[in-house]
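Following: one structure in structure tokens, then a few remarks.
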DNA sequence: GCTTACAGAATGAATGTTCATTCCGCTGTA
DNA sequence: TACAGCGGAATGAACATTCATTCTGTAAGC
């Protein structure tokens, strides 16, 4: 196995094990096994478990951002962009349940809390389409005049809940139901 | 300290430590310390950590249910009941941030998954005002015709997100903003 | 009223287990 | 032969849980 290939295997295995069993249910030995490498080998690529975890998070964020960006047209009207972005993320999560589960684990952990705090306090410049969309919507009086955080909550709250329910097999989403759900979110957000 | 008093101290300490540091950041020794009892003492009241955790969850659920029930009038129109239930839970969470943080930890853990699975598959008869409310709303054609799980997502998704943001000091909610937020949820759910 | 005996509670040091991380000998390659 | 890269056993720290011991309150015996 070549060097970058091995690194990839480790990342893939970590994603799978952690998504399925949580940070604490996924010992390094288990990840190493799944990746088909020795336990010590992981430490040739990642200084420690924490760094593996945050690095993996960053890679996922990147992937999702890239996936959603394809097909996004910032010139379209607000409502249309909102529906696109909503269905795109939800679609990504449904197509990549492991990614979704991993993100959830991450967000609900001390790692995620720190990360979020940084982001809100602006330590991370985020090239965020969503922020831009909402700010535009409020300015054009198409969207309710709420603080950004509440608009996010009204959108991503249902989105993530629905993705979770689908991935855990509590409901079955088809394209029509997805669209209707995002439209309902829009009803909550629009003026 | 009397016997039930001591049990209470243990439960209170467990709530606080777990809410603040997560299940894995709250060793039994730490909980015992906070409760002012010996480590072994906890085991006189709870067979093991798992049982302490699930028992505490049940107690919290009970408290919240009781708190919200006060002032709920099943005779009122759907919209009014929806707004009441929304503000009531959100208000409870804001007044009891530890309870909220604990519930979140619980839901995002294997404990919570199992619990949820049981609930959905109907193994727990739940005397759920929310379910009843939505079912009534759909029947009266006041509420969009969605599966129950989606209506829950549209309501609790934003609610929990907003509660989290407030408790972590990412936003500040006042009564007016709370009401407007719940109204926005209603916009998402109503026909 | 005072002392002694005893049962049930409480305690916390000791135990065994589960990891993350380290270390050193091995192997395939140049 | 020399060496980079690996593997996986060894190490030590962090815990949950146990259990031999200590404490406390109650009640019988005087």
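Residue numbers (the numbering used here), protein chains in the order written: chain A, 881 to 1071; chain B, 881 to 1071.
Every residue, glycine too, gets a C-beta built ideally from N, C-alpha and C.
Keep in mind it's a predicted model, so treat the numbers as computed, not measured.
So what's residue i in DSSP terms, helix, strand or just coil?
i	result
residue 969 of chain A	helix
residue 1070 of chain A	strand
residue 1042 of chain A	helix
residue 1017 of chain B	helix
residue 896 of chain A	helix
residue 1027 of chain A	coil
residue 917 of chain A	coil
residue 906 of chain A	coil
residue 889 of chain A	helix
residue 1063 of chain B	helix
residue 1036 of chain B	helix
Would you verify that the beta carbon of residue i is, or is not, closer than 7 Å to some beta carbon of chain B?
i	result
residue 1055 of chain A	no
residue 933 of chain A	no
residue 1047 of chain A	no
residue 921 of chain A	no
residue 954 of chain A	no
residue 1027 of chain A	yes
residue 1050 of chain A	yes
residue 1030 of chain A	yes
residue 899 of chain A	no
residue 1064 of chain A	yes
Based on the DSSP secondary-structure assignment, which residues constitute the bridge partners of residue i?
i	result
residue 1052 of chain A	For residue 1052 of chain A, which the question treats as bridged, DSSP gives no partner whatsoever.
residue 1022 of chain B	Residue 1022 of chain B is not bridged to any residue.
Less than 7 Å between CB atoms is the rule here; does residue i satisfy it with respect to chain A?
i	result
residue 1038 of chain B	yes
residue 1068 of chain B	yes
residue 1042 of chain B	yes
residue 1033 of chain B	yes
residue 907 of chain B	no
residue 988 of chain B	yes
residue 1061 of chain B	yes
residue 1000 of chain B	yes
residue 947 of chain B	no
Around the C-beta of residue i, are 16 or more other C-beta atoms found within 10 angstroms, so that it is buried, or is it exposed?
i	result
residue 956 of chain A	exposed
residue 937 of chain A	buried
residue 965 of chain B	buried
residue 1020 of chain A	exposed
residue 909 of chain A	exposed
residue 984 of chain B	buried
residue 916 of chain A	exposed
residue 1038 of chain B	buried
residue 950 of chain B	exposed
residue 988 of chain B	buried
residue 975 of chain A	exposed
residue 982 of chain B	buried
residue 893 of chain A	buried
residue 1013 of chain B	buried
residue 943 of chain A	exposed
residue 885 of chain A	exposed
residue 920 of chain A	exposed
residue 889 of chain A	buried
residue 905 of chain B	exposed
residue 1044 of chain B	buried
In chain order, which continuous runs of the alpha helix (DSSP H) of length 4 or greater are located wholly inside the region 932-1014 of chain B?
958-975, 977-987, 990-1000
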